[in-house]
Structures are given as structure tokens and as C-alpha cells.
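The sequence shown begins at 14 in the numbering used here and counts up one residue at a time. C-beta atoms are modelled at their ideal positions from N, C-alpha and C, and glycine is treated no differently. Since the structure is predicted, the reported quantities are computational estimates derived from the model, not experimental observations. To start, the structure under review is shown below, and the notes come after it.
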Amino acid sequence: MRLKKTLAMAMMLGSLLPAAHAEKVLHVAFNAPETGFDPAKVSDVYSAAVIEHIYDPLLTFDYLARPVKVIPNVITAMPTVSADGLTYTFHLKKGIYFAPDPAFKGKKRELTAADYVYSIKRLSDPTVASPLSDTFTSKLVGLEELVKKAGKGKLDYDTPIEGVKTLDRYTLQLKFKQPFPSLPYVLAGSWVEGQAREVMEAYGDNSNAHPVGTGPYMLKDWKPGNSMTLVRNPNFRQESFSYQADADAKDQKIARDMNGKRYPQIDRIEVAVIQEEQPTWLAFKSGELDISGIPQPLVKQVLRLDPTNPFRAELKAEFRQQGIQLSRSLEEGVTFYAFNMKDPMVGGYGKDRIALRRAISMAFNNAETIRDIRRNQAVQMQYIIPPNVSGHNPDFHGAYPFNPPLANALLDQAGYKIGADGYRHQPDGKPLIVDYLTGPTAIDKQWNEYWQKAFDRIKVRVNFRVMQWNEQVKALRDCKYGLAGGAWSADYPDGDNFTQLLYGPNTGGSNYSCYQSSRYDRLYEQSRVLPDGPERNRLYDEMNKVVMGDTPWMFSDIRFSNALAQPWVKGFKLHPNFNAIWRFLDVQK
Numbered sequence: 014m015r016l017k018k019t020l021a022m023a024m025m026l027g028s029l030l031p032a033a034h035a036e037k038v039l040h041v042a043f044n045a046p047e048t049g050f051d052p053a054k055v056s057d058v059y060s061a062a063v064i065e066h067i068y069d070p071l072l073t074f075d076y077l078a079r080p081v082k083v084i085p086n087v088i089t090a091m092p093t094v095s096a097d098g099l100t101y102t103f104h105l106k107k108g109i110y111f112a113p114d115p116a117f118k119g120k121k122r123e124l125t126a127a128d129y130v131y132s133i134k135r136l137s138d139p140t141v142a143s144p145l146s147d148t149f150t151s152k153l154v155g156l157e158e159l160v161k162k163a164g165k166g167k168l169d170y171d172t173p174i175e176g177v178k179t180l181d182r183y184t185l186q187l188k189f190k191q192p193f194p195s196l197p198y199v200l201a202g203s204w205v206e207g208q209a210r211e212v213m214e215a216y217g218d219n220s221n222a223h224p225v226g227t228g229p230y231m232l233k234d235w236k237p238g239n240s241m242t243l244v245r246n247p248n249f250r251q252e253s254f255s256y257q258a259d260a261d262a263k264d265q266k267i268a269r270d271m272n273g274k275r276y277p278q279i280d281r282i283e284v285a286v287i288q289e290e291q292p293t294w295l296a297f298k299s300g301e302l303d304i305s306g307i308p309q310p311l312v313k314q315v316l317r318l319d320p321t322n323p324f325r326a327e328l329k330a331e332f333r334q335q336g337i338q339l340s341r342s343l344e345e346g347v348t349f350y351a352f353n354m355k356d357p358m359v360g361g362y363g364k365d366r367i368a369l370r371r372a373i374s375m376a377f378n379n380a381e382t383i384r385d386i387r388r389n390q391a392v393q394m395q396y397i398i399p400p401n402v403s404g405h406n407p408d409f410h411g412a413y414p415f416n417p418p419l420a421n422a423l424l425d426q427a428g429y430k431i432g433a434d435g436y437r438h439q440p441d442g443k444p445l446i447v448d449y450l451t452g453p454t455a456i457d458k459q460w461n462e463y464w465q466k467a468f469d470r471i472k473v474r475v476n477f478r479v480m481q482w483n484e485q486v487k488a489l490r491d492c493k494y495g496l497a498g499g500a501w502s503a504d505y506p507d508g509d510n511f512t513q514l515l516y517g518p519n520t521g522g523s524n525y526s527c528y529q530s531s532r533y534d535r536l537y538e539q540s541r542v543l544p545d546g547p548e549r550n551r552l553y554d555e556m557n558k559v560v561m562g563d564t565p566w567m568f569s570d571i572r573f574s575n576a577l578a579q580p581w582v583k584g585f586k587l588h589p590n591f592n593a594i595w596r597f598l599d600v601q602k
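Below, the structure written as C-alpha cells:
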């Protein structure tokens, strides 16, 4: 109903205004709630999608280029790098301004190099408790010492350090202790954004609700877990689309449709949170949503699939005749099930706990869920790093095979005996009940049915604890769960973005398993200073072997991304590293 009213109002406004001044509105939906819009405080894809439209990173990704290419955003050219690879110098463009906000007291506020110094330091501020705090803390010269000096208190932002400083109003310099080959990718992501210190201090603990950046949009309205409205930033600089398309016909069409137009074209973005697939699909079919995914139960009704090759698919004729557009690719991401290594039931590093985690992994039939739930729109995950990301090894097979008899034998050997009640107990005789975090949607319930079958195969009790996704994120960060599904989409196409997910110091942030392995950490620390190549790949193989041994994850699958757009949407192409592509689109109804 809300969507229908919104669309009706937009259509009414469009009929009253001259065509040249008609407001362009994009209607989109999230399938899970966001958590907030402070780049330093969030790490979920939904919040990041909004953040990308409000703030400006130093670098960004070329929208069309594949493989993905990093290009300047608010800097005049790519940074200069010292001969030893440790010092990066960035020259900011002049005349870039923040969106208006009361924190600026009526003055127009220009973006400067000091804003990035502040933002980078803020990721390491103990009082901010950023889930991305390890991004720079141990890498930039002097930053770790500044953090230690702060203890549990606020970071002293006014103390200059050699690792992150301004050379003048528009020049930023970063100096690292060791090489950081993936830095350009990191700086194109959604969390190293230009933030104004006076804004953060004005809103304090409520910074998640008051994002103020120099990007093309500003947050006009937010109803947490329900809807968001983005409108143009009136202070946004004058830019135009200027794509350099290669030989790809679809890219050439995007260039023809968009080049020369003002960037961005959309005046207002309406984001609804619709967690169930069916109402989302109905809203798209009726034209109330401009972009949508394909509900898993309807994949075979929408796509013509090649049964011999999951990489081949096309829209069925009825959708092509309507002008519906399909953008499809294998996701640069992974899905997995994280065992909380601090959980008293499934956590720990003893042989009995490792046996339990392996048995659970072998009791779950991934091939069945890929067939029945994913509708063959996924492939088995075998490596921490997915295909199309540097460092992936296609010859490594890290997933435990589906083998219930072996799983039961393993539990018998480890002392998990079946009691008179028909269920297994812990080796010390105490009850064994696995805590499983799950969501409230219909698709969550479907997954739970398959998980119930898995636990039944090995005679283990499971308790499905239902909570919203944003609540699950908090439980994951606080290490207060037993088993939970997780997913990670590439912020940038480099293996480091995935191997860091199991790095010990990232516990409380991106390390959802709360996994602590000195061996893994040592290998990771060696790998992150190396460029892509055989030496780093060898370390990645060793890290995958360590993970197979400890089993903090059960490898799940790698999904195909199937996105649809209405005929009136221009510039439509999925990007593997942007969380949302709204700012690159046009609507011509």
C-alpha cells in the first residue's frame, strides 16, 4: 500500500510539472533492514549501499570496466607512491562541498585533506568501536601508539602522527610500516569516507542517523527497518557521465544512453525494506519497483536455464517482450555458516569440538539446497576467496562432503553418545543443544527445514533462535550465538578482502566466527604485505588448510546475481563491488 501511494503521488506530480522539470524518482527495496549510516560504525551491505550515495571516498571504481578498475574520485589523479611502496600522496580537487547541515552554522563547508585524516583516525577510535578498526590501526606509522595511549578512552585527534597527515589544505599523505598492495581497493570502498569532524561531534552517539557527506545525495527521511528517502545534495559538484566503453554491446548502449548527461540523473531515491520475496516481486511486476532480484522459487519461471551449464541463462520471452532487462553474473562473494568459536557448545579447539563442527558440516546437504532453494543459481564454495577475485584457487576443494554415516561415526568416536532420549549428549554427559540464529522470513523457514534434517541425521538437538538481521549482526559481533549463516560480498576484488574475515584481531567486526588461530594470523600477516602472485597464493592455500582443520566455517555456496530492471531504467549493469548502483541510473518513463 505504501508503495502504491508513493507511486501515485510521483505520477501526479509528474503530470503537474513541465516535462523538463519533472522529478525523477527511483523506487528500490532492501530484503533486510539496515543498521545505520555512519561509515565507521557499520559493515552490512544495506547500510553501505546508502552510505555510498551520501559520502565520497578518495577513489572509486569504474562503473563499466571488467575486470574492475580503480579510478580517482575526489582527487586530481591517482596517488603518487614512493619507491619503497610505503608512502602515498593524494591531491584533492578544490571546490567540493558538504551537503548543508546545521552543524556548519549556515556556512558552506569545503572538503579538505584534514577530513580524511579525521575519518581514517576515527576508524581506530576505541570509543567508536568500529567493526573495521583493523583497517589501518596496525599499518599506519604512529597510529597504533596513538590508540594505545587512548586506552578505552577517546582518541586524541589533535596529536599529529607521521602515518596520516596533511601537507597542505588539499594534500593528504599516508605512510605505512609495511607495503599495503590492496590500499587503492580499500580506499575505493564504502567506509573510508570524507567526514566532517564538527558534524560527528554535533551528533555524537546519534551519528548513524545523521550522515552528512559530499556525495550526490543526502538523507531526507529514515524510518529504521522500514524506509529511507535520499534526495539530491544541492551542494554537489557539477559532473557528467563520460564512459569509455569497450567492445561489449551492452556497455556501448549504456555509454550512448548516459554520456553527456548530468551525474546523477535521479532526483530522489525511495528505499523500502520488504523482507519477503513475494511482495517484492509483485511490486516489481506492477511497476512500483524499478529494480528487483528474482525470488528463488520463481527462477525457473523467469529464466531459461541451461541444465548442463549453470553459467548460462536468459530471460524468458514474455519478459523480454515487456522490455525487462537482466543483468547476471557469478557473485564476487561467498556464503558460509559460521561457528562461534567462543560458544560453550560448538566452540573451542579441542578434538571433540572440531569433530562436532565437522560432523554438522557433513550432515548438511549443500547440493540439495543449491538445487531446491537456490534453483541451481549457485555453485558449491570450495575456497575462502571466490572466483573472479585475485588469489582464488579453482583446484582447491575445501568443503566437507555430504556424508551422514561418516558424521555419525565421527561423533561416536569423539564421545557424543546417543542417550535414552534418542539424542546425542556432550562427552561429559551434559545435554547438547546447538543454538542456531535465523531470520523471520519465509525463505529463512525453508532453510531451517533443511537444517533440521541435517541435525536429525546426526541425532543432535537444535534451537532455532529467530531475530531480525540487524539484531543478528549485533549477536555475531558480540560472539553471542552458536551457529549462523553469513555472507560476504567483495568490497574490492582482492583476496585480502576475504582472508581478513578469519583474522583474529577482526573479532567483533568482520570475523563473525570469533576465530583465533595464531597460525592463521601469522600467515595472514605475511600475505597482506604481498602483491597478487604465486608467493601470496601459496600462503592462501596454507590458510585454507588451517581453516579446514579447525572448521570455524562450513563452506556453503557462491550465488549467481540475477537483477532485473524495468524498461524505462537506463544505465543498468550490476557491479560486483558497489553495494548499490542507483546513482548511475536514469529513469525515462
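* Asked: Span of the beta strand (DSSP E) holding Ser-146?
  -> Ser-146 -> no beta strand (DSSP E), and no H or E assigned at all.
* To do: Tell me whether Pro-320 sits in a helix, a strand or coil according to DSSP, three-state version.
  => coil
* Does the pairing of the segment 272-279 with the segment 591-598 give three or more beta-carbon distances under 8 Å? -> yes
* Asked: What are the start and end residues of the alpha helix (DSSP H) that includes Phe-117?
  -> That residue, Phe-117, is in no alpha helix (DSSP H); it is neither H nor E in DSSP.
* How is Lys-583 classed by DSSP in three states: helix, strand or coil? -> strand
* Taking the alpha helix (DSSP H) that His-638 falls in, what are its first and last residues? -> One cannot answer for residue 638 here, as it falls past the ends of the chain, which runs 14 to 602.
* To do: Taking only the alpha-carbon atoms, compute the straight-line gap between Gly-603 and Ser-374 and give it to the nearest angstrom.
  => The structure shown does not extend to residue 603, since the chain is modelled only from 14 to 602, so the question has no answer here.
* In DSSP terms, what Phe-573 is bridged to -> Leu-343
* Asked: Does the pairing of the segment 320-340 with the segment 419-426 give three or more beta-carbon distances under 8 Å?
  -> no
* Taking the alpha-carbon positions, what's the Thr-150 to Leu-156 distance? -> 6 Å
* Asked: Touch check for the segment 281-301 and the segment 233-242: three-plus C-beta pairs under 8 Å?
  -> yes
* **Extent of the continuous beta strand (DSSP E) to which Ala-41 belongs** => First, the amino acid is wrong: residue 41 is Val here, not Ala. It spans 38-43 - the beta strand (DSSP E) in which Val-41 sits, taken as one unbroken run.
* To do: Report the three-state DSSP secondary structure of Leu-159 (helix, strand or coil).
  => helix
* To do: Below 6 Å CB to CB, which residues in the same chain sit around Ala-268 once its five sequence neighbours on both sides are set aside?
  => Tyr-256 and Ala-258
* Going by other Cβ atoms of all chains shown within 10 Å of its Cβ, with 16 needed for buried, is Asn-519 buried or exposed? -> buried
* How many Å lie between Gly-432 and Gln-465 at the Cα? -> 19 Å
* **Among Phe-468, Glu-484 and Ile-571, the one whose alpha carbon lies nearest that of Val-402** => Ile-571
* To do: May I ask you to list the residues that DSSP assigns as paired with Met-567?
  => Tyr-350
* To do: Note down, in chain order, each residue of its chain lying with its Cβ closer than 6 Å to the Cβ of Gln-265, except the 5 sequence neighbours on either side.
  => Ala-258
* List the DSSP bridge partners of Asp-234. => Thr-242
* Looking at C-beta atoms only, is the number of pairs between the segment 174-189 and the segment 122-138 that lie closer than 8 Å three or more? -> yes
* Where the beta strand (DSSP E) through Trp-501 begins and ends -> 496-502
* Just to confirm, are Gly-300 and Asn-575 a CB contact at a threshold of 8 Å? -> no
* Along the chain, where does the beta strand (DSSP E) that runs through Ala-285 open and close? -> 281-286
* Assess, as a yes-or-no matter, whether the segment 142-149 is touched by the segment 522-533 under the definition of 3 or more beta carbon pairs within less than 8 Å. => yes
* Do the segment 438-449 and the segment 482-499 touch if we need at least three Cβ pairs shorter than 8 Å? -> yes
* Closer than 8 Å by C-beta to Ala-90: which residues in its own chain qualify, once you throw out the five before and the five after it? Chain order, please. => His-104
* To do: Indicate the three-state DSSP secondary structure (helix, strand or coil) for Val-475 in the structure shown.
  => strand
* For Thr-512, three-class secondary structure by DSSP -> helix
* To do: Determine the extent of the alpha helix (DSSP H) in which Lys-266 is found, giving its start and end residues.
  => 262-271
* Asked: By DSSP, does Leu-302 sit in helix, in strand, or in coil?
  -> coil
* Below 7 Å CB to CB, which residues in the same chain sit around Met-14 once its five sequence neighbours on both sides are set aside? => Model confidence at Met-14 stands at a pLDDT of 32, short of 50, so the residue's coordinates are unreliable and nothing is read from them.
* To do: Go to Thr-454, then tell me how far its alpha helix (DSSP H) extends in each direction, as first and last residue.
  => Counting along the chain, Thr-454 falls outside any alpha helix (DSSP H), and DSSP gives it neither H nor E.
* To do: Starting from the Cα of Val-260, find the closest Cα among Lys-583, Ile-67 and Arg-79 and give me that residue.
  => For clarity, residue 260 is Ala in the given sequence; the question names Val instead. The residue with the shortest Cα to Cα distance from Ala-260 is Arg-79.
* To do: May I have the straight-line CA-CA distance separating Gln-481 from Tyr-463, to the nearest angstrom?
  => 20 Å
* Asked: Leaving out five residues before and five after Ile-133 in sequence, what residues of the same chain have Cβ atoms less than 7 Å from its Cβ?
  -> Phe-149, Val-177 and Val-205
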